[in-house]
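Novice: Counting the sequence shown from 1 gives a position; this note's numbering is that position plus 5. All C-beta atoms, glycine included, are put in the ideal place defined by N, C-alpha and C. Sharing a structure below in structure tokens format, with a few things to ask.
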Amino acid sequence: MTTDIKEKSKNVQKRNMNLGIKITIIITILIVLVSSVSSLVIFDLSYKALKEEIRDNLIVLASHTAVTLDADELAKIKEPKDEGNDIYLKLQKELQKAKNACHGKLRYVYTLNKVNGEYVYILDATPIEDEENHSQIGEEFVAADYTYVEAAFEKEIAEIEPTPDEVYGGIIQTGYAPIKNELGKTVGVLAIHMDVSVLTEKEQSMKKAGIITLILGFILAMLSSLFFARYITAPILALTKGTKSVAEGDLDTIVSINRNDELGELAQSFNIMIHDLKKSREELKNYSITLIHQEKMAGIGQLSAGVAHEINTPLGYVKSNMETLEKYVMKLKGFYELQQKDKSEYQKEAIDNYIKNNKIEYIYNDLEDIMSQSMDGILKIEKIVRSLLGFSRKTETTEFVLYDINKGIKDTLIIAYNEIKHCAEIGQNLEDVPHIMAIDGDINQVLLNIIINAIYAIKEKGEMGKIAVHTYKKDNFVYCEISDNGVGMEDKNRKRIFEPFFTTKPVGIGTGLGLSITYDIIVNKHNGDISVQSQVGKGTTFIMKLPIQRRTKDE
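Take a look at the structure:
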């Protein structure tokens, strides 16, 4: 499960973008967006202000020029024949004067009047000699929209939005002002076309300024966001590195973040958590050692009656032999004393009778058998006791040593023999496998747990069964298979067999921790593997896979 979490974590790290890059992008977008909006607002306000200023100047100029014209004299110019007379030339000079005063900003200056419902040219500032561009008296005024001209005739100053100049190019804006006589009667309309190409130039310059501002804003945004992202992500990266170290089992990790904000507080809390976690792990380790030892002793306790019987049988005949041996010694002592005396005919007869009556010859021959039998019993007791001591020893350390799994199996079978012999036959196929690096006491515990479960499964079936043990080497691993032909188990129970406190045994039999401890020892401590195959009514097989050399979980 831990390996799966690590693999998922690695995949997430590959898929997800770095937090610093995310912050940099977000801040850059925000700053560029704000600067762009600000530039657009400033551009719009500046453009509108310039446009309003030009409009005001146009209106003022149109009003002022309209006032300077003599309305009564303008009213006298009606026919084309009037073009070029003194009055016409006089009024034309006024228009030209206004046009020249604007230094070429005024493109067209002329007056209009309404004759028979149509608007016609009256006075044009363009010289008469410029026949191509000069508008003659009475020439019809053509416009797409007469609304503004009408407005001027209604005593209102009107202006048209800037439009392209089809003659000279550029942009022009037109203003119309009423020309009134002393009685306030409108006798004509003054039209002024002002060159407002400056608006286009201003627009272009503002666009350039906007682009430059945008580029500078982007650069500034990148620099500031990188700094800000580093300021934010540096402690986060330190915390991430710390969590990775902790995930890999290094509980001596300390995250150093000298800040007085929430991130500094988080780092401090993280360090406290790691300290508490390390303390808890030590306590859990000690508890685990105690729990494993208790489970081991519980297993031995289940076999204690059988072990006692196995010891008691050889001990009984050793005791009997020793009592017989004591009697033999007393008789041999008497015989030895007779042998030391001078031997008369009578004494020789007495010695012969002693030999015959006390069966000295039988004793002599039987002594060797008694001693041999007693020695066998003592060796058997010694072997059982040695195996029992090896199993009952509490494992205080996790030191890996060279371990002979075949010997461990034999010792386990010796301890469990009295239980096994009444319910099952033992089949051993122990190949010549290499010693492995392992915690010897822990592997002994695993073997005992599985053997005890096999015995229980066969007894549950109620008939003589068989337990088969097979060891072999494959690649860089040593395998141990322990099979029984007991009751077997359902698939739903097989899937939960290694869960803590899960048991199919009646209440009061077992703790439900044996196979959970077995899984922890094989998989977590030794980086091996254990699997179980089972069929109801046919039996169960446990398959252990142990590395010959120590290896990490990632190997």
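What are the partner residues of Ser129, as DSSP defines its beta bridges?
Specialist: It should be pointed out that residue 129 corresponds to Asp in this sequence rather than to Ser. Answer is Tyr115, bridged to Asp129.
Novice: Opposite Met494 in the DSSP bridges: which residues?
Specialist: None; Met494 has no bridge partner.
Novice: Is it true that the segment 151-162 meets the segment 104-124, where meeting means three or more beta-carbon pairs spaced less than 8 Å apart?
Specialist: With a cut-off of 8 Å, the segment 104-124 and the segment 151-162 count as touching, because enough Cβ pairs lie within range.
Novice: So if DSSP puts Ser488 in a beta bridge, which residue, or which two residues, is it bridged to?
Specialist: Ala473, Thr546, per the DSSP bridge assignment.
Novice: Alpha carbon to alpha carbon, how far is Ala196 from Lys53?
Specialist: About 23 Å.
Novice: Quick check on Phe601: buried or exposed, where buried means 16 or more other Cβ atoms within 10 Å of its Cβ?
Specialist: A query on residue 601 cannot be resolved here, the shown segment of the chain reaching from 6 to 560 and no further.
Novice: From His108 to Leu225, what distance separates their C-alpha atoms?
Specialist: Cα to Cα, His108 sits roughly 44 Å from Leu225.
Novice: Could you compute how far the alpha carbon of Leu100 sits from the alpha carbon of Lys212?
Specialist: If you take the alpha carbons of Leu100 and Lys212, they lie about 37 Å apart.
Novice: List the endpoints of the continuous alpha helix (DSSP H) containing Tyr258.
Specialist: Going by the sequence as given, residue 258 is Thr instead of Tyr. From DSSP, Thr258 is part of no alpha helix (DSSP H); its letter is neither H nor E.
Novice: Report the three-state DSSP secondary structure of Glu144 (helix, strand or coil).
Specialist: DSSP places Glu144 in coil when its eight states are reduced to three.
Novice: Please list the terminal residues of the continuous beta strand (DSSP E) segment that includes Val192.
Specialist: Taken as a continuous stretch (DSSP letters only), the beta strand (DSSP E) holding Val192 covers 191-200.
Novice: I believe Glu468 touches Val541 by the beta-carbon criterion, under 8 Å. Please report the beta-carbon distance rounded to the nearest angstrom.
Specialist: Between Val541 and Glu468 the Cβ distance is about 15 Å, and since that is not below 8 Å, they are no contact.
Novice: Figure out for me which residue from Ser229, Ile262, Glu270, Lys284 has the closest Cα to the Cα of Leu256.
Specialist: Ranking Ser229, Ile262, Glu270, Lys284 by Cα distance to Leu256 puts Lys284 first.
Novice: Grab the span of the beta strand (DSSP E) containing Val406 for me, first residue to last.
Specialist: Residues 406-408.
Novice: Relative to the alpha-carbon of Ile59, which residue among Lys246, Ile34, Ile165 has its alpha-carbon at the smallest distance?
Specialist: For Ile59, the nearest C-alpha among the options comes from Ile165.
Novice: According to DSSP, is Thr508 helix, strand or coil?
Specialist: Note: Thr508 maps to coil in three-state DSSP.
Novice: With DSSP collapsed to three states, give me the class of Asn62.
Specialist: The answer is helix: DSSP assigns Asn62 an H, G or I state.
Novice: So which of Lys56, Lys249, Ile30, Ile463 has the shortest CA-CA distance to Arg235?
Specialist: It is Ile30.
Novice: Whole angstroms is fine: what's the gap from Asn449's alpha carbon to Asn490's?
Specialist: Cα to Cα, the separation comes out at about 22 Å.
Novice: What first and last residue would you give for the alpha helix (DSSP H) that runs through Leu518?
Specialist: Premise fails: Leu518 is in no alpha helix (DSSP H) and is neither H nor E.
Novice: If we ignore side chains and look at the alpha-carbon of each, how far apart do Ala310 and Ser536 end up?
Specialist: Bear in mind that the predicted position of Ala310 carries a pLDDT of just 49, short of 50, making it unreliable; the figure below should be weighed with that in mind. Taking the straight line from one Cα to the other gives about 31 Å.
Novice: Please work out which residues of its chain come closer than 7 Å, Cβ to Cβ, to Lys56, disregarding the five sequence neighbours upstream and downstream, and give them in chain order.
Specialist: These residues qualify, in order along the chain: Leu204.
Novice: Here's a check: name, in chain order, each residue in its chain whose Cβ is nearer than 8 Å to the Cβ of Val37, leaving out the five neighbours to either side.
Specialist: Around Val37: Leu219, Gly222, Phe223, Ala226.
Novice: For Lys95, which residues of its own chain have a beta-carbon under 6 Å away from its beta-carbon, when the five flanking residues on both sides are left out?
Specialist: Cβ neighbours of Lys95 beyond the five flanking positions: none.
Novice: Look up Val541 in the DSSP assignment and say whether it is helix, strand or coil.
Specialist: The answer is coil: DSSP assigns Val541 none of H, G, I, E or B.
Novice: Could you check which residue in Lys364, Phe547, Glu159 has the C-alpha nearest to that of Gly189?
Specialist: Answer by Cα proximity: Glu159.
Novice: Over the uninterrupted beta strand (DSSP E) stretch that includes Leu74, give me the two end residues.
Specialist: Premise fails: Leu74 is in no beta strand (DSSP E) and is neither H nor E.
Novice: Might you give, ordered along the chain, the residues of its own chain that have their beta carbon closer than 8 Å to the beta carbon of Lys2, omitting 5 neighbours on each side?
Specialist: Absent from the model: residue 2. The displayed extent of the chain is 6 to 560, so no value can be given.
Novice: Give me, in chain order, the residues of the same chain whose beta-carbon lies closer than 8 Å to that of Ile176; leave out the 5 immediate sequence neighbours on both sides.
Specialist: So the qualifying residues of the chain are Pro167, Thr168, Pro169, Asp170, Asp200, Val201, Ser202, Leu204, Thr205.
Novice: Which word fits Ser261, buried or exposed, when buried means at least 16 other C-beta atoms lie within 10 angstroms of its C-beta?
Specialist: Per the 10 Å Cβ criterion, exposed.
Novice: Between Gly174, Tyr173, Val194, which has its C-alpha nearest Pro183's C-alpha?
Specialist: Checking every option, the nearest Cα to that of Pro183 belongs to Val194.
Novice: Relative to the C-alpha of Val451, which residue among Asp357, Phe547, Tyr477, Leu407 is closest?
Specialist: Nearest C-alpha to Val451: Phe547.
Novice: Expressed to the nearest angstrom, what Euclidean distance is found between the alpha-carbon atoms of Arg555 and Glu253?
Specialist: Distance between the alpha carbons of Arg555 and Glu253 is about 17 Å.
Novice: With the cut-off set at 9 Å, would you say Ile425 and Leu435 are in Cβ contact?
Specialist: It is not a contact, given that the beta carbons lie outside the stated cut-off.
Novice: Suppose you measure from the CA of Thr245 to the CA of Ile441; what does that come to, to the nearest Å?
Specialist: Each residue's Cα considered, the two are about 37 Å apart.
Novice: Can you tell me the Cα-Cα spacing of Lys478 and Asp437, whole angstroms?
Specialist: Distance between the alpha carbons of Lys478 and Asp437 is about 8 Å.
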